[in-house]
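So for the sequence shown, this note's numbering puts the first residue at 2; every next one is plus one.
Ideal Cβ placement from N, Cα and C applies to all residues, glycine included.
Predicted model only: the values in this text are computed from it and were never measured.
Just below is one structure, and these are the notes that go with it.
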Amino acid sequence: MLLRARRRPVVSGREHMIGASGEALEDFDGEGWARVRGETWRVRSHAPVRRGQRLRVAAIDGLVLTVEIDP
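Below, the structure written as structure tokens:
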């Protein structure tokens, strides 16, 4: 049983957030808010983001997610 549990994919924590998709909750240029995996997060983007735009998590810096616009 222990060996099976070790082979399961990660379902929480930092590794689980990278690559997750989300949605911008407001228009922002630089930093703003987005919903990722059902939670509201402070996010940072290099490109301007519009409300409702789909985002993808690229990195985590403390409690701030760095996101990219999801094509």
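According to the DSSP assignment, residue 57 belongs to no alpha helix (DSSP H) but to the beta strand (DSSP E) extending over 55-62. Residue range 40-45 is occupied by the beta strand (DSSP E) that includes residue 45.
Membership of residue 27 in any beta strand (DSSP E) is not indicated, and neither H nor E is assigned to it by DSSP. Only buried fits residue 46, as 16 or more other CB atoms lie within 10 angstroms of its CB.
Following the DSSP letters along the chain, one finds residue 68 inside the beta strand (DSSP E) bounded by residues 65-70.
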